[in-house]
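Chains as they are written, first to last, in the numbering used here: chain A, 3 to 92; chain B, 3 to 92.
Every residue gets a Cβ at the ideal spot worked out from N, C-alpha and C, and that includes glycine.
Just so it is clear, the structure is predicted and the values come from calculations on it, not from any experiment.
In what follows, a structure is listed as structure tokens, so that the remarks can point back to it.
Number of protein chains: 2
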Amino acid sequence: MSGLVSYGMPVPDDHVDHLDETPLHVQLAAILRRAIKSGEYGPRDVLPSESQLMQEHGVARGTVRQAIETLRNEGLVVTIRGRGTFVRPK
Amino acid sequence: MSGLVSYGMPVPDDHVDHLDETPLHVQLAAILRRAIKSGEYGPRDVLPSESQLMQEHGVARGTVRQAIETLRNEGLVVTIRGRGTFVRPK
DNA sequence: GCGAATTTGTACGTATGTATC
DNA sequence: AGATACATACGTACAAATTCG
């Protein structure tokens, strides 16, 4: 499991005790941030492409880009057009 | 005049000597940045709403938001949901 | 060097949720 | 309660840069 969830999502039952209201792009950013800090993606490694992240996490491209932008603003990654997004070497 | 232009825009003549390739959101950010620095919008002043900026500059909401986000990243403004975007007092 | 495929960038539209006035 | 304003998330289309055969 461990998929992304948000309030705009279809829910199996409309009687929901608990619903994660955290925005999808924040959740995705957290996942990627953790993957980087845990070394799953090392320095200079390329992250999965936007298309791959879309499919793997079942979200729209805009959502993926928003998540990545967060990491960029945090100085964790750099993005190069036509190449991809890379883990910033310390 | 002084409207925004971009490469994706319809052009009166397809023989164009010079075309401003600067992205719309960058052009709009520049306009707002200048308006702030010139004092047109003073400290704690609220900027025009996203809807107003859309109409006044003839761009989509996403473009407006991207421009404003730039100013936010530059520390020039702060945005409050339901209120608006305000010029950050030094 | 050329062209196709891949990948990110820009720009648009729509719908809905949340907060404020 | 209604109107206004920002936030999230989906979609489409095309441009631009890079990579690969």
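- Secondary structure note for residue 66 of chain A: its alpha helix (DSSP H) is the uninterrupted segment 63-75.
- DSSP places residue 28 of chain A in the helix class (H, G or I) of the three-state scheme.
- Bounds of the beta strand (DSSP E) holding residue 80 of chain A are 79-82.
- Residue ranges of uninterrupted alpha helix (DSSP H) with 4 or more members, entirely inside the stretch 35-62 of chain B and ordered along the chain, are 52-59.
- Within the model, the alpha-carbon separation for residue 29 of chain A versus residue 56 of chain A is close to 13 Å.
- Within its own chain, the residues whose Cβ lies closer than 8 Å to the Cβ of residue 45 of chain A, once the five positions on either side in sequence are excluded, are 89, 90, 91 and 92, listed in chain order.
- Straight-line measurement puts the Cα of residue 84 of chain B at about 26 Å from the Cα of residue 32 of chain A.
- For residue 89 of chain B, the enclosing beta strand (DSSP E) covers residues 86-89.
- Around the beta-carbon of residue 70 of chain A, 16 or more other beta-carbon atoms lie within 10 Å, marking it buried.
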